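Visitor: The numbering of the sequence shown is my numbering, which starts it at 454 and goes up by one. Where a beta carbon is used, it is the ideal one built from N, C-alpha and C, also for glycine. Predicted model only: the values in this text are computed from it and were never measured. I have a structure here, written as structure tokens, and I will follow up with some questions on it.
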Amino acid sequence: MIRLKYFLYFFAAGTVLLSTTGCKKYLDVNKNLNDPTVVPVSTLLTASERTIGGNFALGTGLGNGLGAYTHQITGRASFDRYSMTGPNMDGAWFSLYQALSNVDVIIQQGTAEGRLAYAGVAKILKAYTFSMMVDIWGDIPYSEFNQFKSGVEQPVFDNDATIYPKLIALLDEGIADINNPAVNPSKPGADDVIYGGNLARWIKAANTIKLKMYTQMRLVQNVSAQVTALLANPAQLINAQNESFLLPFGPFGATDDRYPGYGDYTGTQRGGQLVSPWLYEMMKGLNPAIYAGVPDPRIPYYMYNQKTATGTPENRTEYRDGGYISIVFGSAGPYRDGSNSNTYTLLGIYPVGGRYDDGAGTSISGTGPSGPATAGTGAAPQRLLTYADRLFLEAELIHVGLAPGNARTVFSAAVDASFAQVDYIISTYIKTINQTIPVLATSAASATYKTDVMNAYDAGSNARKLEYIMTQKWLSRFGNSVDNYTDYRRTGYPVMFDPNNPAQAPGGFVQPPINGNFQVIPQEKIPVANPIAYPESLPWSQSEIEFNSNAPAQKAPATYKVFWKP
């Protein structure tokens, strides 16, 4: 059914949602709406980067859905109780494949025109995107995708285990194209919104993507030689904050290019992407199983409270701890669906470019400094693969014995990088409106937190040490839901909230902080339940299943594992 010719697909930030639109829309993309011989590769590159990065951001179906599956956000939406279905996949599935069709044009046209730098960048972008799609769905069309001119109208689904090696080879091809000494008529520049034409950084990204893919395969393949070779030359990996693989957004200008997740600041109805109490309790030091009594100083950067501790809500709240107000995953409580748009805690300056929580408890409404237009810039980038991510990968590999080095030293550096990343993203990309944002990484609170984190690591068992590595990585990657989903499925960490776990929900109830709601003391317990088992992968696009005669029958997400999980 993915019989795509070359369809120039422009991404408008904030509009890439998982859609349930009928298949007629997708059949139409087989029309040759834009002759690829007259579309410049520079135009195609910009559109492709924005579409691909945008599909993984918070504020979109994949970003929010998997953000809920990994318990960093929650909301009254289809993803509550792990309930995303095949029709929910149609939008992201076809949007990504449309972008990949454009990427193929860049490869073919760039090669034919001698613009090998464009071809190399496109190959790296293609390999990255397909690797993420494998991580999400498992088997997908790859070898027969975009073969319409060869007569392939109904592409087969390739075995996911066979796709990864081809993607690693494609990354090497991309590096070789970039390194080719032949003179190019033109090279990527401002049209490359990810790296601004810095080809050396594209090579670093390609090598780091390989490191990530090998790490994800480590349970089904001995990757020691490959990761050791990559780590032996850190200068060829993402090795600094400004080398991170990021897709910038915003700010609001002639067009609204703000980060998709910033939409809650401009929307009038809120409740679809709230900060998860599981994340909040983890960061507040309220989780008795990990980091108990250790408050995380990133909280005011990650979360913006519209109310003070004694601010009056619009309606009765379900879960409250002072100014923090949300709802619980799997809730069956009587206050879950109440209207509290100007009461709920919102996603903060990091990761969506919203507002830093200065304790004022001002609702985002109307006009003025905290109105939707001026509360924040919305210019947050989507963090695809960062310097901190690379260090966490290295720490994991050393810890499990697949690479030489000192896991504690690298883990410590990864935690430092994750804090410095917040400052770097805010000062370089997001900037601010009407607020002065304190520096995080060098604060006394950060130093205290780091000491407590490392003390816990030192006291931990071997398994516990891996849990600490993966939990800090999860905390660092607030906003990168797909990779968090991948890491949880393959390692089991961090421990996620389970409404059916009696240790987490005794008797089927969650107890918010007893004194957290000044209006109701003790704060009432919340009934929770979830009859759906944790999904090992997401369902395939329903339209693809129905209209592609070579597609398999729809999967059972609870049992369908991606190849890298034994």
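Quick check on the burial criterion: 16 or more other C-beta atoms within 10 angstroms. Buried or exposed for asparagine 887?
Guide: exposed
Visitor: With distances taken Cα to Cα, identify the nearest neighbour of serine 501 among Thr668, Ile577 and Gly518.
Guide: For serine 501, the nearest C-alpha among the options comes from Ile577.
Visitor: Which runs of the beta strand (DSSP E), 3 residues or longer, sit entirely within the segment 902-955?
Guide: DSSP runs (the beta strand (DSSP E)) wholly in the segment 902-955: none.
Visitor: Could you pull the start and end residues of the alpha helix (DSSP H) that proline 874 belongs to?
Guide: First, the amino acid is wrong: residue 874 is glutamine here, not proline. Per DSSP, glutamine 874 belongs to the alpha helix (DSSP H) from 860-878.
Visitor: For leucine 480, which residues in the same chain have their Cβ closer than 6 Å to its Cβ, ignoring the five residues on either side in sequence?
Guide: Here the model assigns leucine 480 a pLDDT of 31, short of 50, so the residue's position is not dependable, and the following value carries that caveat. So no residue of the chain qualifies.
Visitor: Within the chosen definition, does the segment 844-864 reach the segment 670-683 through at least 3 CB pairs nearer than 8 Å?
Guide: yes
Visitor: Could you tell me whether any Cβ in chain D is nearer than 8 Å to the Cβ of arginine 769?
Guide: You won't find chain D in this structure, because it holds only one protein chain.
Visitor: Buried or exposed, going by whether 16 or more other CB atoms sit within 10 Å of the CB of lysine 657?
Guide: It counts as buried.
Visitor: For proline 634, does the three-state DSSP call read helix, strand or coil?
Guide: coil
Visitor: Can you pull the DSSP bridge partners for serine 779?
Guide: Tyr772
Visitor: Would you call the segment 693-708 in contact with the segment 827-834, where contact means no fewer than 3 C-beta pairs closer than 8 Å?
Guide: yes
Visitor: Within 10 angstroms of its Cβ, does proline 1005 collect 16 or more other Cβ (buried), or is it exposed?
Guide: exposed
Visitor: Please work out which residues of its chain come closer than 7 Å, Cβ to Cβ, to tryptophan 1017, disregarding the five sequence neighbours upstream and downstream, and give them in chain order.
Guide: Gln669, Met670, Leu672, Val673 and Arg943
Visitor: Tell me the DSSP secondary structure of glutamine 888 in three-state form.
Guide: coil
Visitor: Run the CB neighbour count on proline 641, radius 10 Å, all protein chains shown included, and call it buried at 16 or more, exposed below.
Guide: buried
Visitor: Please return the same chain residues whose Cβ sits closer than 6 Å to the Cβ of threonine 474, not counting the five positions on each side in sequence.
Guide: Residue placement at threonine 474 cannot be trusted, given a pLDDT of 31 that sits under 50; the coordinates are not used to answer.
Visitor: Take threonine 827 as the anchor and find which of Asn859, Leu838, Ile883 and Val875 has the nearest alpha-carbon.
Guide: Ile883
Visitor: May I have the straight-line CA-CA distance separating arginine 808 from alanine 659, to the nearest angstrom?
Guide: 33 Å
Visitor: Helix, strand or coil for aspartate 611? Go by DSSP, reduced to three states.
Guide: strand
Visitor: Proline 493 to aspartate 644, Cα distance in whole Å?
Guide: For proline 493 and aspartate 644, the distance between alpha carbons rounds to 11 Å.
Visitor: List, from N- to C-terminal side, the alpha helix (DSSP H) runs of 4 residues or more that fit wholly inside the segment 677-746.
Guide: Segments of the alpha helix (DSSP H) lying fully in the segment 677-746: 677-684, 716-719 and 730-737.
Visitor: Sort Ala958, Asn970, Leu553 and Ile743 by Cα distance to threonine 924 and report the nearest one.
Guide: Closest in C-alpha terms to threonine 924, from the list Ala958, Asn970, Leu553 and Ile743, comes Ile743.
Visitor: Assuming contact is defined by CB atoms lying nearer than 8 Å, are alanine 510 and glycine 516 in contact in what I supplied?
Guide: yes
Visitor: By how many angstroms is the C-alpha of serine 603 removed from the C-alpha of serine 929?
Guide: 45 Å
Visitor: Short check: CB of tyrosine 522 to CB of phenylalanine 598, under 8 Å?
Guide: In terms of Cβ geometry, tyrosine 522 and phenylalanine 598 do not form a close pair [threshold 8 Å].
Visitor: Assign alanine 841 to buried or exposed, taking buried as 16 or more other Cβ atoms, counted over all protein chains shown, within 10 Å of its Cβ.
Guide: buried
Visitor: Considering only the beta carbon of each residue, do alanine 1011 and valine 981 sit closer than 8 Å?
Guide: no
Visitor: Tell whether a beta-carbon distance below 8 Å holds between glutamine 874 and threonine 839.
Guide: yes
Visitor: How is tyrosine 755 classed by DSSP in three states: helix, strand or coil?
Guide: Here tyrosine 755 carries a helix assignment [DSSP, helix/strand/coil].
Visitor: Quick one: using the 10 Å Cβ neighbour count with 16 as the cut-off for buried, is lysine 1008 buried or exposed?
Guide: Buried, since its Cβ has 16 or more Cβ neighbours within 10 Å.
Visitor: Near threonine 582, which residues of its chain fall below 8 Å by C-beta distance, leaving aside the five closest residues on each side in sequence?
Guide: Ile505, Leu549, Ala552, Leu553 and Val556
Visitor: Of all the options Gln964, Gln972, Leu991 and Asn954, which has the alpha carbon lying nearest to the alpha carbon of asparagine 983?
Guide: Asn954
Visitor: When you compare only the Cα positions, how much space is there between threonine 796 and proline 947?
Guide: 29 Å
Visitor: Can you tell me the Cα-Cα spacing of asparagine 612 and threonine 881, whole angstroms?
Guide: 41 Å
Visitor: So for serine 792, helix, strand or coil by DSSP?
Guide: coil
Visitor: Just to confirm the assignment, what range does the beta strand (DSSP E) spanning glutamine 835 have?
Guide: Going by DSSP, glutamine 835 is part of the beta strand (DSSP E) stretching over 835-838.
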